[in-house]
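I have placed the structure first, in the form of structure tokens, so that the comments after it can refer back to it.
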Amino acid sequence: MRRHLLATTAGILLAMAGSAYAGMDEAKAFLDKEVGDLSTLPRADQEKEMQWFVDAAKPFAGMDIKVVSETITTHEYESKVLAPAFTAITGIKIAHDLIGEGDVVEKLQTQMQSGENIYDAYVNDSDLIGTHWRYQQVRNLTDWMANEGKDVTNPGLDIADFIGTSFTTAPDKKLYQLPDQQFANLYWFRYDWFNDEKNKADFKAKYGYDLGVPVNWSAYEDIAEFFTGREIDGKKVFGHMDYGKKDPSLGWRFTDAWLSMAGNGDKGIPNGLPVDEWGIKVDENSRPVGSCVARGGDTNGPAAVYSISKYLDWLKAYAPPEAQGMTFSESGPVPAQGNIAQQIFWYTAFTADAVKKGLPVVNEDGTPKWRMAPSPHGVYWKNGMKLGYQDVGSWTLMKSTPEDRAKAAWLYAQFVTSKTVDVKKSHVGLTLIRESSIRHDSFTKRAPELGGLIEFYRSPARVQWSPTGTNVPDYPKLAQLWWQAIGDASSGAKTAQEAMDSLCAEQEKVLQRLERAGVQGDIGPKLAEEQDLEYWNKDAVAKGNLAPQLKVENEKEKPVTINYDELVKSWQSN
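Numbered per mature numbering (1 follows the signal peptide of the UniProt record, and there is no 0), the sequence shown spans residues -22 to -1, 1 to 552.
So, in structure tokens, the structure goes:
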């Protein structure tokens, strides 16, 4: 999702943007100055796509359209470069506002509740897919593109080329949001330290297995212990990095699928069914029936409590002491400062900032001293489960937006995600959304500078990383509960079990209110009767499911590592 952390992009404000004229001369000037060869389309096809935008936009020329997104590098590029270019080419005046992520959700909520058209389109996280589907206050794009929006839907849009549409599609098989930017949380580590002969020998002597990318949490824990306090290049280093301040950003840390890495919920890609990684269970009609173990959920089950316990243990034992008082944005730059060996949960949106020349983690030739790899999983995790979070900021059209304004905004949404501009935009923000861009030769050439980002997105592993799914019926209301509960555990006010008991109870209060109100109709919550853990576990197993799992007596399983270079080779052979 995230966040207000990224450096501003050096974009070009095109002089032509202020022109009173719009058309192909402006389009060709834009292609010359900004796109060039950084496109999956040859120049003739770029011009053909631009001609379509020119023609489709004519009925809306002169309109003032307002759209909004959170402030990250990708959206800064859109706002500062692509929006003026779109205005120059089409005559539609676009104001692309950049605000905080929480503010985007607040504006969207206000528009949902009031019916007032605040913005003509929103880039908001696909985490709200369950909200949008159940409240039915946004246009479903499948029907929109086939009917009212057909005349303004680019024939070259190529929905199948977008890698994140499974995350923006509801159980009714309709597409509700169009991906605009996408990034994952992955394991981050010092490739140079892991390949140092003395480090490898010392680790093997102490733990009896090879130092490498940890496959499970047991290995991650050993590596964290090994590096913490070790002296490298004249300074003491740490084996882990995280943050623990009781702050809204602490909620992201966990709703962004931390529990999934531990093995919370059921099998299922992109999300566990019937129990998802939040621990929320749905019935066969996708109605949420509970969050607590007592109703068949898993938010306070053994896997969830284990995940919080490990978070607390590692933060206190292996991270810099100041990490416990940090927020997301404060902790984000720390690994690039050169004293962190690994981080289990690192957003790939940090990539651009972590490959800048002159940093302690970048070689003189511009290549990184670090790499990213798949996250290790906890003892409750099973093959077939998701393994982490992927953020997908996506274009959303509210039904409260007048049709002509929605059409003009939809043209802009397609322009900034078009094949003509997507490769260049992807190089700026490194938030890849199209398969064709990921495979572009320019990314093959740049891959050695990006620490594994391109290898990951070209790998079969990427499908195991996904956003919040459709089990969550009201993301804004439920997500805000997490940081308060986890914050109580982080501060020591509650145990891990007490914190998760409190969280699931608070989530069920929201579900109960939604059920009583009936605002989500026959796909809204319908809470189940309460039973004990053994009852629900037996019921799950009988139906071929997992959650809630019983407690594993030995949560320190046999540690497993893999050589990073061998891992990358295995991806390439698939």
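Ideal Cβ placement from N, Cα and C applies to all residues, glycine included.
Problem set entry | Whole-angstrom distance between L365 and A538, CA atom to CA atom | The sequence as given places Val at residue 538; Ala does not occur at that position. If I take the Cα positions, the gap works out to 16 Å.
Exercise. Under the three-state reduction of DSSP, which class applies to G268: helix, strand or coil?
Worked result: strand
Exercise. Relative to the alpha-carbon of A22, which residue among D33, M2, A34, A61 has its alpha-carbon at the smallest distance?
Worked result: M2
Exercise. Do three or more CB pairs link the stretch 111 to 127 to the stretch 146 to 164 at distances below 8 Å?
Worked result: yes
Problem set entry | Three-state secondary structure assigned by DSSP to A471 | If DSSP states are grouped into helix, strand and coil, A471 belongs with coil.
Exercise. Does the beta-carbon distance from Q368 to Q160 come in below 8 Å?
Worked result: yes
For this session: Over the uninterrupted alpha helix (DSSP H) stretch that includes K26, give me the two end residues.
Result: 21 to 35
Exercise. Short check: CB of residue 584 to CB of I67, under 8 Å?
Worked result: Residue 584 falls outside the range modelled here, since the chain spans only -22 to 552, and no answer is possible.
Exercise. In the structure shown, what three-state DSSP assignment does G366 receive?
Worked result: strand
Exercise. Going by Cα to Cα distance, which pick from G257, R265, L293, W292 is closest to N278?
Worked result: G257
For this session: Might you give, ordered along the chain, the residues of its own chain that have their beta carbon closer than 8 Å to the beta carbon of E209, omitting 5 neighbours on each side?
Result: V215
Problem set entry | Nearest-angstrom Cβ-Cβ length linking G243 and V253, presumed shorter than 8 Å | 5 Å
Problem set entry | Backbone secondary structure at S47 - three-state DSSP | strand
For this session: Taking 8 Å as the threshold, find out whether the stretch 476 to 496 comes into contact with the stretch 272 to 288 through three or more Cβ pairs.
Result: yes
For this session: Examine the Cβ distances between the stretch 306 to 320 and the stretch 163 to 182 and report whether three or more of them are shorter than 8 Å.
Result: yes
Exercise. Does DSSP put L(-9) in a helix, in a strand, or in coil?
Worked result: Low local confidence applies: a pLDDT of 38 at L(-9) is under 50, so the model's placement there is unreliable, and no value is given.
For this session: Work out the CA separation of I464 and P445 for me, nearest whole Å.
Result: Our two residues, P445 and I464, have alpha carbons roughly 20 Å apart in a direct line.
For this session: Measure the alpha-carbon distance for G303 versus K184 and round it to whole angstroms.
Result: 32 Å
Exercise. Measuring CA to CA, which of K402, K259, P438 is closest to K547?
Worked result: P438
Problem set entry | Alpha carbon of M363 to alpha carbon of G429, nearest angstrom | When only Cα atoms are considered, M363 and G429 end up about 25 Å apart.
Problem set entry | Per-residue DSSP class, three states only, for L76 | strand
Exercise. Taking just the CA atoms, how far does S285 sit from P299?
Worked result: 20 Å
Problem set entry | Rounded C-alpha distance that separates G78 from D291 | The straight-line gap separating the alpha-carbon atoms of G78 and D291 is approximately 31 Å.
Problem set entry | Through-space distance from P62 to E4, alpha-carbon basis | The alpha-carbon separation between E4 and P62 amounts to approximately 11 Å.
Exercise. Closest by CA to G69, which one among S415, M28, F205?
Worked result: M28
Problem set entry | Cβ distance (whole Å) where F434 is taken to contact M350 below 8 Å | 7 Å
Problem set entry | Check whether E493 and G502 have beta carbons under 8 Å apart | yes
Exercise. What did DSSP end up calling Y187 once you bin it into helix, strand or coil?
Worked result: coil
Exercise. Under the three-state reduction of DSSP, which class applies to Y169: helix, strand or coil?
Worked result: helix
For this session: Give me the Cα-Cα distance between residue 562 and E199, rounded to the nearest whole angstrom.
Result: Shown here, the chain extends from -22 to 552; a query on residue 562 therefore has no answer.
Problem set entry | Contacting residues, own chain, Cβ-Cβ under 8 Å from S17 (five flanking each side not counted) | Q24, K397, T398, V399, D400, V401, K402
Exercise. Rounded to a whole number of angstroms, what is the C-alpha to C-alpha distance between L408 and L135?
Worked result: Distance between the alpha carbons of L408 and L135 is about 20 Å.
For this session: Measure from the alpha carbon of Q527 to the alpha carbon of each residue in K534, W514, E535, K521, then state which is nearest.
Result: W514
For this session: In the DSSP assignment, find the unbroken alpha helix (DSSP H) run with Y221 in it and report its ends.
Result: Element bounds for Y221: n/a, residue is neither H nor E.
Problem set entry | Neighbour-count burial assignment, S92, 16 or more Cβ in a 10 Å radius | Per the 10 Å Cβ criterion, exposed.
Exercise. Would you report the Cα separation of R112 and D234, rounded to the nearest angstrom?
Worked result: 21 Å
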